[in-house]
Amino acid sequence: DAALALDPHHDNAAITQALILQNRGRPAEAVAVYRDLLARTPDNTDAHSNMLFCLSEMPGLTPGALFAEHRAYGSLIEQRTAPPAPLDNTPEPERRLRIGFVSGDLRNHAVASFIEPVFERLGQRPGLALHAYYNHTLHDAVTERLRGHLPHWRDVAALDDDELERLVRADGIDILIDLSGHSAFNRLPAFARRLAPVQASWIGYPGTTGLAAMDYYLADCKFLPHGQYDHLFTEKLVQLPLSLPFEPVTSA
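In the numbering used here, the protein residues as written are 11 to 262.
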């Protein structure tokens, strides 16, 4: 409050205020702060994602209204995103399939407990080449363990969307998977550029990204029963036998 009293248009102070309100169980007040900030700076995609996460926690908001908010985000991103350049991926059925994962949570974080069993098993398949695009500066013991499962590791927190796009395209990724959705450290604006022929969202967020360029959302028949929630996603829902394998910490 003191920082905003000195500078009412201090964006980072406004985001911090909204996060504090959200963590105190006052989501409606937090959303009001986000809307005021976005009215001034509509290109602040971090604040927009934060607001969508907050709206997801608000009682009384209908599923249709929540979807409309997510689609408005997607439309805004798409309006300022140039048409994607052609991709160079070659349809060779015998070559290794290059799969990339984009996340800021490849560390001591809940997402790591769900994705590590996947990395461990997929990393053993000779027909796959796994790539990580890690969007955080923190490296801990979990990060180092995860690196052991992915031979191609990229630290991308310092890269802007142009640089990230060039890197992913140079790596020739066939399937790019977002593990954040509208949680912190996401790179959804980069996904709007169509970085890979197939793009999917998984694990990090219990809802749509709102992006037309995100092809699939990975789920299962218990989390999102077939046919009941398809209209609330811009993505096509893919029903996996198990969408979230979980590996507890060894000291649990």
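Glycine residues also receive a C-beta, built at the ideal position from the N, C-alpha and C atoms.
Can you check DSSP and say which residues form a bridge with residue i?
i, result
"Gly110", "His141 and Leu186"
"Trp163", "Ala142"
"Ala210", "Ile187 and Tyr226"
"Gln249", "Ala229"
Cutting at 8 Å between CB atoms, please list the residues of its own chain near residue i, excluding the five before and the five after it.
i, result
"Ser123", "Phe256, Glu257, Pro258 and Val259"
"Arg203", "Thr91, Ala92, Pro94, Asp171, Glu175 and Ala223"
"Leu29", "Ala40 and Asn60"
"Glu130", "His159"
For the candidate residues the options, whose alpha-carbon lies nearest to that of residue i?
i, options, result
"Arg117", "Ala92, Tyr143, Gln32 and Gln27", "Tyr143"
"Ile87", "Thr219, Tyr226 and Tyr227", "Thr219"
"Ser211", "Ile125, Ser66, Arg106 and Glu39", "Ile125"
"Asp165", "Thr153, Asn145, Ala24 and Gly158", "Asn145"
"Asn54", "Cys231, Leu71, Ala24 and Gly74", "Ala24"
"Thr100", "Ala75, Gly182 and Leu250", "Gly182"
"Gly35", "Pro161, Glu67 and Ala200", "Glu67"
"Ala168", "Leu228, Thr147 and Asp21", "Thr147"
"Asp21", "Asn33, Leu48, Ala42 and Ala38", "Leu48"
"Val152", "Glu79, Ser85 and His119", "His119"
"Ala194", "His141, Val121 and Glu102", "Val121"
"Pro96", "Arg157, Leu140, His149 and Ala180", "Ala180"
"Phe77", "Leu247, Asp115, Glu173 and His241", "His241"
"Asp98", "Arg157, Asn33, Arg50 and Val178", "Val178"
"Pro127", "Leu156, Gly114, Pro136 and Asp115", "Leu156"
"Pro161", "His141, Val112, Gly114 and Thr26", "His141"
Within a Cβ cutoff of 7 Å, which residues of the same chain sit near residue i, ignoring the five residues on either side of it in sequence?
i, result
"Tyr83", "His58, Leu62 and Gly220"
"Leu138", "Arg106, Leu107, Ile109 and Leu132"
"Gln249", "Ala229, Asp230, Cys231 and His236"
"Leu71", "Leu65"
"Ala38", "Met68"
With 16 other CB atoms within 10 Å as the buried threshold, where does residue i fall?
i, result
"Asp188", "buried"
"Arg197", "buried"
"Asp225", "buried"
"Pro52", "exposed"
"Asp184", "buried"
"Gly74", "exposed"
"Ser85", "exposed"
"Pro199", "buried"
"Asp46", "exposed"
"Leu252", "exposed"
Can you name, in chain order, every residue of its own chain whose Cβ lies under 6 Å from the Cβ of residue i, other than the five neighbours on each side?
i, result
"Tyr239", "none"
"Leu254", "Phe124"
"Phe243", "Thr218 and Tyr227"
"Gln186", "Before going further, note that residue 186 is Leu rather than Gln in the sequence given. If we look at Leu186 and ignore the five residues flanking it on each side, its Cβ neighbours are Gly110, Leu205, Ala206 and Gln209."
"His192", "Ser59, Leu62, Phe63 and Tyr215"
Given 7 Å as the limit, tell me if residue i has its C-beta closer than that to any heavy atom belonging to the ligand COA.
i, result
"Arg131", "Within the structure as shown, the ligand COA is missing, as the structure has no ligands at all."
Report task. Pick out the complete alpha helix (DSSP H) segments inside the segment 71-120, 4 residues or longer, and give them in chain order. Result -> Note on the segment 71-120: whole alpha helix (DSSP H) runs with a minimum of 4 residues are 73-89, in chain order.
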